[in-house]
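In mature numbering (1 follows the signal peptide of the UniProt record, and there is no 0), the protein residues as written are -18 to -1, 1 to 101.
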């Protein structure tokens, strides 16, 4: 049982510290092809303010320790020392409502969450 729990913890940690975002079908996605989002409303959440329900529904897209920033993809320092990916200066988030690669269920949610069209 302890081995199973340890494996689950390592699996979650590995998925949180993932490969850099990439473009798929014209949208910015994570290493699993899952859509990434930015918040476009007033008082947009930054790495310090998206907590609680916000972080449960839109967890931050975290960078791995060896990831390198390039072009529009940069990092934002989180309060706990982690680095969150940004695109054009806006923090990137994953959408927990998406079930498979290519889903964009969070796009336009509450008119403030948006997927990122990338060239």
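The beta-carbon is built from N, C-alpha and C at its ideal position, and this holds for glycine as well.
Would you decide whether residue i is buried or exposed? Buried here means 16 or more other CB atoms lie within 10 Å of its CB.
i, result
"residue 59", "exposed"
"residue 66", "buried"
Considering just the uninterrupted stretch of the alpha helix (DSSP H) at residue i, what are its terminal residues?
i, result
"residue 38", "35 to 39"
Need the endpoints of the beta strand (DSSP E) that residue i sits in, please.
i, result
"residue 4", "4 to 6"
"residue 11", "9 to 11"
"residue 104", "For the chain, the structure presents residues -18 to 101; residue 104 sits outside this window and is missing."
"residue 51", "Per DSSP, residue 51 belongs to no beta strand (DSSP E) and is neither H nor E."
"residue 65", "65 to 69"
Quick one: measure Cβ to Cβ for residue i and residue j, integer angstroms, because I've assumed they're closer than 8 Å.
i, j, result
"residue 55", "residue 75", "Incorrect: roughly 14 Å between the Cβ atoms, too far for contact."
"residue 88", "residue 71", "Not confirmed; about 20 Å, so no contact."
"residue 97", "residue 9", "5 Å"
Does the region 16 to 25 come within contact of the region 45 to 65, defined as at least 3 CB pairs closer than 8 Å? no
Does the contact criterion of 3 or more C-beta pairs under 8 Å hold for the region 69 to 87 versus the region 5 to 15? yes
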